[in-house]
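My numbering applies: residue 587 is where the sequence shown begins, and numbers increase by one. The beta-carbon is built from N, C-alpha and C at its ideal position, and this holds for glycine as well. Everything numeric in this text was worked out from a predicted model, so none of it was measured.
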Amino acid sequence: MAMGLASSSRRKGKRTRRAAMAEINVTPLVDVMLVLLIIFMVTVTLPAVGVPIELPESRANPVEETPTQITISINGEGRVFIEDNVVPVGGLPDALAAIDRNAGGELPTVVLRGDRGLDYGRVMAVMGELGRAGFTSISLVTDGSSSAP
């Protein structure tokens, strides 16, 4: 039976070969690139921090974002968040001590987002803890405003 299969693949002593394709089908490549483009566009427009806060208004110039910055948010109830993680009451000093330093031993820039309905003393207490932990570069985040106060 094996001999019958081997002999059937040859036709009169000649082997048949398929010709090499001279064209490249780019349709799958274009499809993949479009999907990657859509994913990139969606992820870039997502907000960096998901803590819902009503920011105060200001006419200050925007500050550049850096990849090493850390966002600290204080919501309307006075809860403190580091990125999206809730900090327990009284646990801010320990949470700040656990933050990684940059390669040169420098602390990253802190972006502080505070709800507009907060007591000024609560925001200053958090800023005081940041200063005590050694964070000297702090940016306050606000919403843009078109009119002067």
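A Cβ-Cβ separation of about 13 Å leaves residue 669 out of contact with residue 660 under the 8 Å criterion. Beta-bridge analysis with DSSP links residue 685 to no other residue.
Under the three-state reduction of DSSP, residue 718 is assigned to helix.
Here DSSP, grouped into helix, strand and coil, assigns residue 704 to coil. Looking at the backbone, the Cα of residue 642 and that of residue 703 are separated by about 8 Å. Residue pairing by DSSP puts residue 671 in a beta bridge opposite 668.
For residue 697, the closest C-alpha among the options 630, 706, 684 and 648 is that of 648.
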